[in-house]
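One structure is given here, and the rest of the page talks about it.
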Amino acid sequence: MLYFFTRYVEQFDVQQPELTIRETVEFCAQLRLDKNDPKIGNDDGKREYAAYVLGLMELTDIQNLQVGSFAEGGLTFEQRKRLSIACELAGSPSVIFLDEPTSGLDSRGATVVIQAMKRIADTGRTVCATIHQPSSAVFEMFDDLLLLKKGEMWFFLASLERIVSILSTILNQEVQILLSTARIQHRGCCRAIPRDIMAIEAASEESKRIVFEEVYVTSFSERLKFMIERLYRIYKRSPAYNLARLMIAIFYSFIIGSVFLRGDGRRNSWGENELSAVISTMFLSLIVIGITSISMAVPVTQQIRDVFYKHRASGMMSHSSLSWALFFAETPYICLISLLFGAIYYATVGLFHTGKLFGLFWVFFTLNVAIYSYFGQAFICLVKDTPTAGALVGALIGYNIFFSGLIVRPQYFVGPFQLGYWTAPGRFAFEGLVTTQFADNDTPVYPEFASPYFFYLNCTETDFHSECFGTIDNYVQFFFGGRFTLENFGLDVGVLIAYMILAKCVTEFALWKFNYVNT
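In the numbering used here, each residue's number is its place in the sequence shown (first place is 1) plus 189.
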């Protein structure tokens with residue numbers, strides 16, 4: 190596990206746009222530094238070291254700026270380079286490798302980055318970097334240079350003064366001859382290197398190997414704690430995600446519910462078409478908010494996932510840390526969305542104003558939103574990109590719409606189609622909503638003349654306007670063919686919870702097995 194001693198700075202690094210520079214570096218320090226180290230001591234010591242790293246990389250003055258993104262604005266490319274180096278330096282490594290730290294930078298930006306690397310080297314650390322920077326000012330900052338060319342391991346290795354002397358007269362023909370001779374001699378010396386390496390490996394003793402008892406510096410509880418705090422900050426600073434879905438929930442709850450708005454907010458009787466429409470809006474509510482939740486969860490989780498790949502490769506955290514952190518960060522917003530939607534919809538439709546019924550409505554609506562949100566997280570962790578995840582999202586939505594019990598009523602599912610009816614999570618959420626709100630309710634329901642419900646009640650034309658009516662409970666039994674019953678309450682809740690667990694298991698497995706970003 191070389192990451193305990195070494196760090197690698199990628200050419201194009203990925204960072205979380207919503208976090209500040211200080212929060213990004215502190216997070217790396219918290220998960221990479223050992224608090225048992227007497228030089229660190231505790232969490233305060235880790236924060237002090239992070240502050241030292243920020244000063245070393247000249248980031249202190251801008252430490253409270255959010256990282257941002259190239260599309261929406263944020264740090265400059267050169268500042269991002271220094272931040273990437275600071276994140277790796279936060280682990281206090283002995284050796285740091287950098288892949289083209291000056292690529293994409295102008296002369297000034299390259300100089301600033303190399304100066305930062307020089308300050309790191311002055312602290313006693315070894316800094317190794319590949320570089321394609323023609324500036325002499327940049328080359329002069331290195332202690333040693335290894336010149337490479339395509340097709341060969343190397344053809345010259347020397348101190349800076351020697352290389353500058355050679356390069357200054359490179360066009361001289363005599364120097365070209367000397368270089369050719371030196372290269373031939375150098376190749377002869379290099380032939381012995383593989384033999385020396387093999388001899389060293391053969392002479393090494395197993396007892397001298399460095400063995401670590403733990404893979405991670407911090408415990409699982411600490412990793413989970415820091416990851417939850419990190420995701421809470423990300424969610425709090427993501428109005429395009431959380432504020433947008435909250436506003437969408439409020440908007441749709443009022444639009445759907447206002448169709449049935451009454452002055453007194455209560456109903457002493459229902460018409461057949463009216464009650465049928467309310468049942469349909471319950472189904473529509475589950476689908477609309479579910480689609481919103483799963484669609485918006487995918488891109489946000491993808492960004493978090495891509496940064497996680499880097500942290501996992503650095504030995505900072507495991508897949509379980511992120512999987513559980515996503516659960517704890519997402520759940521409060523799911524509960525809030527369901528509460529806001531349910532309160533407005535419940536009041537405007539004129540459902541039965543008791544705390545128990547509203548609580549049951551909120552429970553099933555929350556479970557439905559949670560399933561959509563968690564499967565959105567699972568899909569983007571399972572596949573590479575958003576379009577592929579979108580295909581899985583569409584399949585789940587279509588599956589729920591068709592088999593939930595409204596488009597095709599339960600009594601009409603026969604043969605192999607019953608498998609879809611008994612496995613669609615949307616069916617259990619829909620059944621839970623309908624039965625908890627309408628079962629055992631004796632409020633009158635008046636049928637439409639000559640409708641199937643009219644004949645179900647054995648009504649006649651003479652008693653249609655006075656004596657012909659059923660009850661809400663009776664109508665639900667008719668509408669769903671007796672398949673939706675309150676007796677399935679435990680089954681409905683259990684299946685919905687099982688689907689939530691399945692989604693989290695898929696997320697954890699995908700984070701464990703797959704890596705779609707080169708790190």
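Each residue gets a CB set at the ideal place from its N, CA and C atoms; glycine is no exception. A quick note: this is a predicted structure, and the numbers were derived from the prediction, not measured.
Does the pairing of the stretch 693-708 with the stretch 617-635 give three or more beta-carbon distances under 8 Å? no
When DSSP builds the beta bridges, which residues end up paired with D288? Within the sequence shown, numbered from 1, the residue matching residue 288 stands at position 99. T319, per the DSSP bridge assignment.
Could you check where the alpha helix (DSSP H) with Y642 kicks off and where it finishes? As a working mapping, residue 642 is identified with position 453 in the sequence shown. Where Y642 is concerned, the enclosing alpha helix (DSSP H) stretches over 641-645.
Helix, strand or coil at G609 according to DSSP, with G and I counted as helix: Taking the sequence shown and counting its residues from 1, the one referred to as residue 609 is at position 420. Three-state result, G609: helix.
Helix, strand or coil for V706 per DSSP? Locating residue 706 in the sequence shown gives position 517, counting from the first residue. Three-state DSSP puts V706 in coil, outside helix and strand.
For Y238, which residues in the same chain have their Cβ closer than 6 Å to its Cβ, ignoring the five residues on either side in sequence? Translated into the one-based positions of the sequence shown, residue 238 becomes position 49. A218.
Cβ of G544 less than 8 Å from any chain B Cβ? Given the protein chain composition of this structure (a single chain), no chain B is represented.
Just confirm the distance between the C-beta atoms of L420 and A486, as a whole number of angstroms; I'd bet it's less than 8 Å. Within the sequence shown, numbered from 1, the residue matching residue 420 stands at position 231. Within the sequence shown, numbered from 1, the residue matching residue 486 stands at position 297. That belief does not hold up - the Cβ atoms of L420 and A486 are roughly 13 Å apart, past 8 Å.
So, with DSSP's three-state summary, where would you put P206? Counted from its first residue, the sequence shown places residue 206 at position 17. DSSP places P206 in coil when its eight states are reduced to three.
Return the first residue and the last residue of the beta strand (DSSP E) that T195 is part of. Here residue 195 refers to the residue found at position 6 when the sequence shown is read from its first residue. That run of the beta strand (DSSP E) goes 195-198.
When you compare only the Cα positions, how much space is there between Y241 and S283? To locate residue 241, count along the sequence shown from 1; it is residue 52. To locate residue 283, count along the sequence shown from 1; it is residue 94. Spanning the two alpha carbons is a distance of roughly 16 Å.
Could you check how far apart the C-beta atoms of I478 and A438 are, in whole angstroms? I think they sit under 8 Å. Residue numbering aside, residue 478 sits at position 289 when the sequence shown is read from its first letter. Residue numbering aside, residue 438 sits at position 249 when the sequence shown is read from its first letter. 6 Å between Cβ atoms; contact.
In whole angstroms, what separates the C-alpha of V364 from that of K270? Here residue 364 is taken as the residue at index 175 of the sequence shown, counted from 1. Here residue 270 is taken as the residue at index 81 of the sequence shown, counted from 1. Confidence at V364 is low in this model, with a pLDDT of 48, below 50, so the placement of that residue should be treated as unreliable; the coordinate-derived value is given next. About 37 Å.
Does the stretch 410-424 come within contact of the stretch 503-520, defined as at least 3 CB pairs closer than 8 Å? yes
F146 and G531: beta carbons closer than 8 Å? Because the chain in this structure spans residues 190 to 708, residue 146 falls outside the shown range and cannot be described.
Give me the Cα-Cα distance between Q710 and Y405, rounded to the nearest whole angstrom. Residue 710 is absent from the structure shown; the chain starts at 190 and stops at 708.
For the stretch 464-482 against the stretch 612-629, do three or more pairs of beta-carbon atoms, one drawn from each stretch, fall closer than 8 Å, so that the two count as touching? yes
Y635 - partner residues in DSSP beta bridges: Here residue 635 corresponds to residue number 446 of the sequence shown, with the count starting at 1. Answer is G460.
Hey, quick one: how far does the alpha helix (DSSP H) through G234 stretch, first residue to last? Within the sequence shown, residue 234 is the residue found at index 45, counting from 1. Its alpha helix (DSSP H) spans residues 232-245.
Nearest candidate by alpha-carbon position, reference T213, set A279, N231, D233: Here residue 213 refers to the residue found at position 24 of the sequence shown. Cα-wise, what sits closest to T213 is A279.
DSSP state of T723 mapped onto helix, strand, coil: Any question about residue 723 goes unanswered here, given that the chain covers just 190 to 708.
According to the neighbour-count rule (16 or more other Cβ atoms, all chains shown, within 10 Å of its Cβ), is T624 buried or exposed? Reading the sequence shown from its first residue, position 435 is the one you call residue 624. Answer is buried; the Cβ neighbour count reaches 16.
Contact check, G257 vs L248, beta carbons under 8 Å: Reading the sequence shown from its first residue, position 68 is the one you call residue 257. Reading the sequence shown from its first residue, position 59 is the one you call residue 248. Contact: no.
Going by alpha carbons, who is nearest to T319 out of N231, T490, L337? Here residue 319 is taken as the residue at index 130 of the sequence shown, counted from 1. Of the candidates N231, T490, L337, the one whose C-alpha sits nearest the C-alpha of T319 is L337.
For I661, tell me which candidate among A628, T674, P614, L680 has the shortest Cα-Cα distance. Within the sequence shown, the letter at position 472 stands for residue 661. Answer by Cα proximity: A628.
For A260, tell me which candidate among P206, L220, H500, N231 has the shortest Cα-Cα distance. On the sequence shown, position 71 is the one that residue 260 refers to. Answer by Cα proximity: P206.
Ends of the alpha helix (DSSP H) at Y421? Start at 1 with the first residue of the sequence shown, and residue 421 comes out as number 232. Where Y421 is concerned, the enclosing alpha helix (DSSP H) stretches over 409-425.
F497 burial status per 10 Å Cβ neighbour count (16 or more: buried): Your numbering for residue 497 matches position 308 in the sequence shown. It is buried - the Cβ of F497 has at least 16 other Cβ atoms within 10 Å.
Bridge partners of T660, per DSSP? Position 471 of the sequence shown, counted from the start, is the residue given in the question as residue 660. For T660, which the question treats as bridged, DSSP gives the partners P633.
Please state whether the Cβ-Cβ distance between A567 and A699 is less than 8 Å. The sequence position of residue 567 within the sequence shown is 378, counting from 1. The sequence position of residue 699 within the sequence shown is 510, counting from 1. Yes, they are a contact pair.
Cβ-based neighbour list, F602, same chain, cut-off 6 Å, excluding 5 preceding and 5 following: In the sequence shown, counting from the first residue as 1, residue 602 sits at position 413. Hits under 6 Å: Y610.
Could you give the distance in angstroms between the alpha-carbon of I157 and the alpha-carbon of P576? Any property of residue 157 remains undetermined from this structure, which presents the chain solely from 190 to 708.
Between Q666, E215, C657, L222, which has its C-alpha nearest S408's C-alpha? In the sequence shown, residue 408 corresponds to position 219, counting from 1. Nearest option by C-alpha distance: L222.
Between which two residues does the alpha helix (DSSP H) containing L254 stretch? Position 65 of the sequence shown, counted from the start, is the residue given in the question as residue 254. From DSSP, L254 is part of no alpha helix (DSSP H); its letter is neither H nor E.
Exposed or buried, which one is L556 when buried takes at least 16 other CB atoms within 10 Å? Residue 556 sits at position 367 when you count from the first residue of the sequence shown. Counting Cβ neighbours within 10 Å, L556 comes out buried, since at least 16 surround it.
Distance check for E289 and D333, CA to CA, integer angstroms please. Residue mapping note: residue 333 aligns to position 144 of the sequence shown, counting from 1. Residue mapping note: residue 289 aligns to position 100 of the sequence shown, counting from 1. Their Cα atoms are separated by approximately 16 Å.
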